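Novice: For reference, the structure I am asking about is given below.
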Amino acid sequence: MKQLLVIGIGAGNPDYITMQAVKALNRVDVFFLLDKGHSKDKLLDLRREICERYIPDPAYRFAEAASPERERGDVDYGASVDELNRAKQATFERLINDELSDGQCGGFLVWGDPALYDSTVRILQAILDSGRCHFEFEVIPGITSVQALTARHKVPLNSIGRSVEITTGRRLAAGQVSDADSVVVMLDAEDSYHHVADPQTAIYWGAYLGTADEILISGKLGDVADEIERVRKAARAEHGWIMDTYLLRKP
15 MKQLLVIGIG AGNPDYITMQ AVKALNRVDV FFLLDKGHSK DKLLDLRREI CERYIPDPAY
75 RFAEAASPER ERGDVDYGAS VDELNRAKQA TFERLINDEL SDGQCGGFLV WGDPALYDST
135 VRILQAILDS GRCHFEFEVI PGITSVQALT ARHKVPLNSI GRSVEITTGR RLAAGQVSDA
195 DSVVVMLDAE DSYHHVADPQ TAIYWGAYLG TADEILISGK LGDVADEIER VRKAARAEHG
255 WIMDTYLLRK P
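Structural data, given as structure tokens:
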């Protein structure tokens, strides 16, 4: 039987790797890497660095494939995500069937934690449900960008005895109403914090968390929202991509 490990590698810093993840890395024969293009080479470089740092016996190898991209622009978001996941499923199936032998262990290195806004576990379960590929898999948790964000800003995630909500920029921009005192926003491509009505709301924003390119800005929205937008735009232009997260806290 083929074995697969879905390993959370944390949010950008190789030191975020847990001891459980180190043990899992050393079980893998073949690491599957999805190439997202030249502008995101650093994402693959980090995965290679982690393997070089924590695997003393370099008997493993990498199997790469081009990462499918979601259709952008004026399209149905739900339909585009479904199509993306179908394309990823086909890519995963091919890698598992062609690159991994029976009895070997394959590894997917997932940014942050596999349970939070990542499709790997969902796709692997869909492959098993289809019956076209047979394997067993385990999930190893990792440090999320949410944890890295609050640690770098030196703030707790929650207010005392109060709730926390994790949502997306798309939902925030659509006018999502939440009773939570603390709201974490991920996958925000449109500076959706501008839609928050109260300028006294605190924001703790971070990009490229845990990496040498890390940027941190915090303050009241009325004071720093324009600065975040400017810095974010410049960073995306410089690097060709951006990965950012922020925490909003009611005054």
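FYI, in this note's numbering the residues of the sequence shown are 15 to 265. Note that beta-carbon positions come from the ideal geometry of N, C-alpha and C, so glycine has one too. Nothing here was measured: the structure is a model prediction, and the numbers come from that model.
What separation, rounded to the nearest whole angstrom, lies between the Cα atoms of residue 126 and residue 163?
Specialist: If you number the sequence shown from 1, residue 126 lands on position 112. If you number the sequence shown from 1, residue 163 lands on position 149. If I take the Cα positions, the gap works out to 12 Å.
Novice: Use the C-beta contact count for residue 64: other C-beta atoms within 10 angstroms, 16 or more gives buried, fewer gives exposed.
Specialist: For the purposes of this step, residue 64 is identified with residue 50 of the sequence shown, where counting begins at 1. Residue 64 comes out buried.
Novice: Does the contact criterion of 3 or more C-beta pairs under 8 Å hold for the segment 159-176 versus the segment 135-144?
Specialist: Touching, no, given that fewer than three Cβ pairs across the two stretches are closer than 8 Å.
Novice: Helix, strand or coil for residue 18 per DSSP?
Specialist: Numbered from 1 along the sequence shown, position 4 holds the residue referred to as residue 18. Residue state, collapsed to three classes: strand.
Novice: Under DSSP, the beta strand (DSSP E) around residue 258 begins and ends at which residues?
Specialist: On the sequence shown, position 244 is the one that residue 258 refers to. Where residue 258 is concerned, the enclosing beta strand (DSSP E) stretches over 258-263.
Novice: Which full runs of the alpha helix (DSSP H) of 4+ residues lie inside the segment 60-86, going along the chain?
Specialist: None, since the segment 60-86 contains no complete alpha helix (DSSP H) of that length.
Novice: The alpha helix (DSSP H) that contains residue 36, what's its start and end?
Specialist: By one-based count along the sequence shown, residue 36 stands at place 22. Looking at the DSSP string, the run of the alpha helix (DSSP H) that includes residue 36 is 33-39.
Novice: Would you report the Cα separation of residue 196 and residue 176, rounded to the nearest angstrom?
Specialist: Position 182 of the sequence shown holds residue 196. Position 162 of the sequence shown holds residue 176. Approximately 8 Å, taken between the alpha carbons.
Novice: Counting only the same chain and skipping the five closest in sequence on each side, list residues whose C-beta sits under 7 Å from that of residue 264.
Specialist: In the sequence shown, counting from the first residue as 1, residue 264 sits at position 250. Taken in chain order, the residues that qualify are 195, 215.
Novice: In three-state DSSP terms, what is residue 207?
Specialist: Translated into positions along the sequence shown, residue 207 becomes position 193. Residue 207 falls in the helix class under three-state DSSP.
Novice: Could you tell me which uninterrupted alpha helix (DSSP H) segments, each at least 4 residues in length, are contained entirely in the segment 118-153, listed from first to last along the chain?
Specialist: Counting only runs of 4 or more, we get 134-144.
Novice: Output the distance between the C-alpha atoms of residue 143 and residue 120, rounded to the nearest integer angstrom.
Specialist: Stepping through the sequence shown from its first residue, residue 143 is reached at position 129. Stepping through the sequence shown from its first residue, residue 120 is reached at position 106. Their backbone Cα atoms lie some 19 Å apart in a straight line.
Novice: Starting from residue 105, trace the alpha helix (DSSP H) in both directions and tell me its first and last residue.
Specialist: The count along the sequence shown starts at 1 and reaches residue 105 at position 91. Taken as a continuous stretch (DSSP letters only), the alpha helix (DSSP H) holding residue 105 covers 91-113.
Novice: Curious, which full-length beta strand (DSSP E) runs of at least 3 residues does the segment 155-227 contain?
Specialist: With a minimum length of 3 residues, the continuous beta strand (DSSP E) runs that stay inside the segment 155-227 are 178-182, 196-200, 216-221.
Novice: Where does the unbroken beta strand (DSSP E) through residue 51 begin, and where does it stop?
Specialist: One-based indexing of the sequence shown puts residue 51 at position 37. Where residue 51 is concerned, there is no enclosing beta strand (DSSP E), given that its DSSP letter is neither H nor E.
Novice: Quick one: Cα of residue 236 to Cα of residue 92, how far?
Specialist: Mapped onto the sequence shown, residue 236 falls at position 222. Mapped onto the sequence shown, residue 92 falls at position 78. Computed Cα separation, rounded: 33 Å.
Novice: Residues in the same chain with beta-carbon distance under 7 Å from residue 103, minus the five sequence neighbours each way, listed in chain order, please.
Specialist: Residue numbering aside, residue 103 sits at position 89 when the sequence shown is read from its first letter. Correct list, in chain order: 137, 140, 141.
Novice: Does DSSP put residue 236 in a helix, in a strand, or in coil?
Specialist: Position 222 of the sequence shown, counted from the start, is the residue given in the question as residue 236. If DSSP states are grouped into helix, strand and coil, residue 236 belongs with the helices.
Novice: Would you mind working out which of 259, 110, 68, 114 sits nearest residue 39, comparing C-alpha positions?
Specialist: Taking the first residue of the sequence shown as position 1, residue 39 is located at position 25. That would be 68, whose Cα lies nearest to the Cα of residue 39.
Novice: Can you round the beta-carbon distance between residue 19 and residue 152 to whole angstroms, since I take them to be within the 8 Å contact cut?
Specialist: For the purposes of this step, residue 19 is taken as the residue at position 5 of the sequence shown. For the purposes of this step, residue 152 is taken as the residue at position 138 of the sequence shown. Confirmed, Cβ separation roughly 5 Å.
Novice: Let me know the secondary structure DSSP gives residue 8 once reduced to three states.
Specialist: An answer regarding residue 8 cannot be provided, because it is not within the stretch 15 to 265 covered by the chain.
Novice: For residue 61, which residues from the same chain have a beta carbon less than 8 Å from its beta carbon, with the 5 sequence-adjacent residues on both sides left out?
Specialist: Translated into the one-based positions of the sequence shown, residue 61 becomes position 47. Within the same chain, residue 61 has close Cβ partners 23, 45, 47, 123.
Novice: Residues bridged to residue 254 by DSSP?
Specialist: Here residue 254 refers to the residue found at position 240 of the sequence shown. Per DSSP, none; premise fails for residue 254.
Novice: Please classify residue 3: does DSSP put it in a helix, a strand, or coil?
Specialist: For the chain, the structure presents residues 15 to 265; residue 3 sits outside this window and is missing.
Novice: Quick one, which of 78, 37, 35 has its alpha-carbon nearest residue 55's?
Specialist: For the purposes of this step, residue 55 is taken as residue 41 along the sequence shown, with counting starting at 1. It is 78 whose Cα lies nearest to the Cα of residue 55.
Novice: Among residues of its own chain, excluding the 5 on either side of residue 26, which ones have a beta-carbon nearer than 6 Å to its beta-carbon?
Specialist: On the sequence shown, residue 26 is found 12 positions in, with the first residue counted as 1. Contacts found: 223, 224, 225.
Novice: Can you tell me the Cα-Cα spacing of residue 131 and residue 201, whole angstroms?
Specialist: Working through the sequence shown from its first residue, we reach residue 131 at position 117. Working through the sequence shown from its first residue, we reach residue 201 at position 187. Spanning the two alpha carbons is a distance of roughly 9 Å.
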